[in-house]
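Enquirer: Heads up, the final residue of the sequence shown is numbered 229 in the numbering used here, and it's a clean run with no missing numbers. This is the structure, below, for whatever I ask next.
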Amino acid sequence: MTPHATSGANAGADEPARPAARPAAAIHDTALRVLEQLGAKVLLPEARAILARAGALVDEDSQMVRIGRDVVSAALGSAPKSIRVHAGDRARDLTLELGSMAFLAGSGAPNVTDLEHGRRPGTLAAFEDLIRLVQHFDVLHMLGPCIEPQDIDNRFRHYAVNRAQLTLSDKLPFVFARGTPHVEDGFEMLRLARGLSEDEFRSGAHCYTVINTNSPLKLDVPMMEGI
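Laid out in structure tokens, this is it:
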């Protein structure tokens with residue numbers, strides 16, 4: 003596994019593209035308007051209570067939560083200005099901050115395709131091959147759920163995905179956040195693979211996750227538990 007050369011805040015991280023400021027600002031403003039005016043249906047009562055305490059408008063009958071831009075701004079203001087995340091190879095550690103960019107492959111696809119076999123449902127073998135490709139290309143700085151290995155039961159899929167990442171790559175991994183148990187399992191597998199004590203693991207950032215809404219504008223119980 004070869005280290006890569008970078009530029010900017012992530013020493014050695016290639017930057018294939020940099021988004022323009024005006025479109026990025028427009029996307030942010032649209033997101034704020036959706037949260038403020040339309041809101042989202044939050045199915046986990048504990049999450050609704052936390053959001054209400056933070057200043058969001060919560061309708062318990064409909065489970066709809068509207069989050070004002072002032073609440074969003076306060077939350078963003080409380081976030082660290084810079085986060086150093088640790089990869090398996092410390093030469094691949096990344097700094098996440100304003101002006102720093104990190105790239106990963108497209109993620110979350112149910113299917114995989116290639117010239118030899120065509121389009122087909124995602125499998126663990128195909129996922130492992132994609133992890134090998136991400137490991138090979140220095141322009142991709144972190145791992146992601148490229149496809150869903152649909153040949154693995156959803157109850158056990160996170161174990162197989164975590165194992166593939168930890169054994170086939172030394173880049174920053176992700177963990178599924180489909181409920182608290184999946185997150186805890188991911189943390190423990192990562193801690194053991196890295197040979198870290200509980201205190202060492204808790205003292206740093208070693209992975210990431212992504213939370214998406216279900217359509218239309220719904221945050222289900224597993225996603226909110228994952229957060």
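Note that the Cβ used here is the ideal one computed from N, Cα and C, for glycine as well.
Taking DSSP's pairing of strands, which residues face Ala-111 in a bridge?
Expert: Its beta-bridge partners are Ile-149.
Enquirer: Put Ala-162 into one of helix, strand or coil per three-state DSSP.
Expert: helix
Enquirer: Quick one: which unbroken alpha helix (DSSP H) runs of 4-plus residues sit fully inside the region 13 to 70? Chain order, please.
Expert: Qualifying alpha helix (DSSP H) stretches, in chain order: 23 to 35, 47 to 55.
Enquirer: Looking at Thr-125: is its Cβ nearer than 8 Å to the Cβ of Asp-153?
Expert: yes
Enquirer: Sort Gly-41, Phe-105, Ala-28, Arg-35 by Cα distance to Ser-217 and report the nearest one.
Expert: If we check each option's Cα against that of Ser-217, Gly-41 comes out closest.
Enquirer: Going by C-alpha to C-alpha distance, which of Ala-89, Leu-45, Val-74, Ala-107 sits closest to Arg-193?
Expert: Cα-wise, what sits closest to Arg-193 is Ala-89.
Enquirer: Who are the near neighbours of Lys-272 in its chain, counting only those whose CB is closer than 8 Å to its CB and skipping five residues on each side?
Expert: Residue coverage of the chain in this structure runs from 3 to 229, which leaves residue 272 outside it and unanswerable.
Enquirer: Give the secondary structure of Glu-227 by DSSP, where H, G and I count as helix, E and B as strand, and everything else as coil.
Expert: helix
Enquirer: How big is the Cα-Cα spacing for Phe-178 and Met-226?
Expert: 12 Å
Enquirer: Would you kindly check if the distance between the Cβ of Cys-148 and the Cβ of Phe-176 is under 8 Å?
Expert: no
Enquirer: Kindly list the residues whose CB is nearer than 8 Å to the CB of Ile-229, restricted to its own chain and excluding five residues on each side of it in sequence; keep chain order.
Expert: Ala-49, Ala-179, Ile-213
Enquirer: Give the DSSP-derived three-state secondary structure of Arg-86 in the structure shown.
Expert: Looking at Arg-86 - three-state DSSP - the assignment turns out to be strand.
Enquirer: Which residue's Cα is closest to the Cα of Glu-38: Ala-26, Pro-123, Ala-58?
Expert: Of the candidates Ala-26, Pro-123, Ala-58, the one whose C-alpha sits nearest the C-alpha of Glu-38 is Ala-58.
Enquirer: What is the DSSP secondary structure of Met-144, counted as helix, strand or coil?
Expert: strand
Enquirer: Mind pulling the alpha helix (DSSP H) runs of 4 or more residues that sit fully within the region 169 to 204?
Expert: Counting only runs of 4 or more, we get 182 to 196, 200 to 204.
Enquirer: Tell me which same chain residues have a C-beta within less than 7 Å of the C-beta of Arg-159, skipping the five on either side of it?
Expert: Pro-151
Enquirer: Going by alpha carbons, who is nearest to Gln-167 out of Val-36, His-208, Arg-24, Ala-26?
Expert: That would be His-208, whose Cα lies nearest to the Cα of Gln-167.
Enquirer: How is the alpha helix (DSSP H) around Glu-130 delimited, first residue to last?
Expert: Unbroken alpha helix (DSSP H) run through Glu-130: 126 to 138.
Enquirer: For the beta strand (DSSP E) containing Glu-99, list its first residue and its last residue.
Expert: 96 to 99
Enquirer: At the level of alpha carbons, what is the spacing between Leu-117 and Asp-131?
Expert: 15 Å
Enquirer: What number of angstroms, rounded off, separates the C-alpha of Ser-80 from the C-alpha of Gly-120?
Expert: 47 Å
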